[in-house]
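Data block below; observations after.
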Amino acid sequence: MTELELRPLGKSKVQVTSLGLGTVPLSGFNADVSYDEFEATILAGYSSGIRYFDCAPMYGFGKSEHYLGHALRANKLRQNVVVSTKVGRILKPASRTKKLETVYGIDWIDPLPFLDAYDYTYDGVMRAFEDSQQRLGLDYIDILLVHDVGRAWHGDQSEFYWDQLRASGYKALDELRSSGAVSAIGLGVNETDSVVGVAREFQIDCSLIAGRYTLLN
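Note that the working numbering has the sequence shown beginning at 60, numbered continuously upward.
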């Protein structure tokens with residue numbers, strides 16, 4: 060089995076492998092992926108030395124969390140890996156069919172029957188965290204990231220959501236970290252400007268920037 064370098068995550072006690080595996084492509088992102096294929100990919104990554112796996116409520120509208128949690132439990136891997144998921148969206152039931160309309164420019168294939176609603180408030184962060192725990196089937200989550208709070212996603216509405224995070228959302232994140240329910244908190248976005256802004260205002264441990272090779276863009 061391959062071993063990858065472990066790297067400390069900021070000032071937290073979390074260590075992640077130099078490569079991680081994100082689950083958005085495995086959750087119906089423009090392609091139909093069965094649970095068996097999802098699990099096989101996770102196991103192949105694990106055999107290659109990967110010990111960090113990322114998911115989010117948005118990915119397949121809950122599918123990535125359900126699938127990842129089950130794969131880790133079924134193969135008794137939980138104690139050996141680091142898991143991150145995200146807050147900022149709450150999933151609400153919606154009637155859906157297998158052939159979907161495009162959502163966010165993404166043709167989700169066979170997602171779970173939910174739609175998401177943005178909420179970066181204290182209550183929204185706590186609700187999203189608890190819902191993710193249930194979907195994953197985990198009593199704790201290693202890394203909790205604020206998802207898509209920047210201008211690249213929200214445009215002119217971005218300040219409204221920033222204000223939610225400032226007013227109360229960050230307090231929820233800090234409480235979860237202090238209580239040990241999560242080991243590290245951070246940001247999961249698509250641009251560096253948001254990372255710089257959050258780092259100036261809040262004590263975060265890490266950032267995940269999607270679709271970029273380096274923080275320099």
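Positions of the beta carbon are idealized from the N, C-alpha and C atoms, including for glycine. None of these values were measured; they are calculated from a predicted model.
- Spatial neighbours of W212 in its own chain (CB-CB distance under 7 Å, excluding positions within 5 residues in sequence) are listed in chain order as N249.
- DSSP, read as helix, strand or coil, puts K145 in strand.
- Assigned with DSSP and collapsed to three states, P67 falls in strand.
- Within the same chain, S86, G87, W167, P170, L171 come within 7 Å of G119 by CB-CB distance, once the 5 residues on both sides are set aside.
- By the Cβ test, the region 114-129 is in contact with the region 171-188, since at least three Cβ pairs between them sit closer than 8 Å.
- Counting along the chain, A176 sits inside the beta strand (DSSP E) bounded by residues 173-177.
- The Cβ atoms of I244 and L204 sit closer than 9 Å to each other.
- Here A130 is buried, its C-beta having at least 16 other C-beta atoms within 10 Å.
- Residue environment: P116 is assigned as buried (16 or more neighbouring CB atoms within 10 Å of its CB, all protein chains considered).
- Between the alpha carbons of R132 and E64 lies a distance of about 24 Å.
- Looking only at R148, F97, I109, I149, the smallest Cα-Cα distance to L127 is reached by F97.
- Proximity to L150 across E189, K230, A226, S107 peaks at E189, based on C-alpha coordinates.
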